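A.B. asks:
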Amino acid sequence: YCLHMAHGYHAAPRETRRDKMQMTMVNLGPSILGGAFTTAAATVFLLPCCIVLFVKLGTMLVANTILSLLYTYFFLAPLLIVAGPLEDVGSFSWFGRKVFSWLCSSRRRDEYLRQEEGAAAQ
27 YCLHMAHGYH AAPRETRRDK MQMTMVNLGP SILGGAFTTA AATVFLLPCC IVLFVKLGTM
87 LVANTILSLL YTYFFLAPLL IVAGPLEDVG SFSWFGRKVF SWLCSSRRRD EYLRQEEGAA
147 AQ
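Under the numbering used here, think of the first position of the sequence shown as 27, with each following residue one higher.
1) Quick one: Cα of residue 82 to Cα of residue 28, how far?
2) Measuring alpha carbon to alpha carbon, tell me which residue in 78, 75, 77 and 90 is nearest residue 65.
3) Compare the C-alpha of residue 30 against each of 43, 57, 45 and 40 and name the closest.
4) Once the 5 residues before and after residue 94 are set aside, which same chain residues still bring their CB inside 8 Å of it?
5) Should residue 86 be labelled buried (16 or more other beta-carbon atoms within 10 Å of its own) or exposed?
6) What is the DSSP secondary structure of residue 121, counted as helix, strand or coil?
7) Less than 7 Å separating the beta-carbons of residue 54 and residue 34?
8) Determine the extent of the alpha helix (DSSP H) in which residue 93 is found, giving its start and end residues.
9) Between the beta-carbon of residue 107 and the beta-carbon of residue 43, is there less than 7 Å?
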């Protein structure tokens, strides 16, 4: 469910984090809840089984579904509203530009220090 929420946030064509999350919640919120409901409803039939393996499997699947929903709506959504990426921040192109600018600035800094050492030696 988190993956769907994060992808919806990333694909939302809005300017602010709050607007992006609002659009994500409106467009994907019901689908995420529906998917969780059908998953939990399908596994509830495992709980009254006589075979212990099925009972444990059903318990694990229902618990996993509930915890995933709680994490998605009460941790990831607020986190994206507060600190979610805007524009292309976090993409590979953004990362490449940052690394390239850092490398260029460190080269310039090294050249500057060499020039200063040469000037101090004279």
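Glycine included, each C-beta is placed from N, C-alpha and C at the ideal position.
Note that this is a predicted model, so its numbers are computed, not measured.
C.D. replies: According to the structure shown:
1) 24 Å
2) 90
3) 57
4) Within the same chain, residue 94 has close Cβ partners 27, 28 and 62.
5) exposed
6) helix
7) Result yes, Cβ atoms of residue 54 and residue 34 sit closer than 7 Å.
8) 78–97
9) yes
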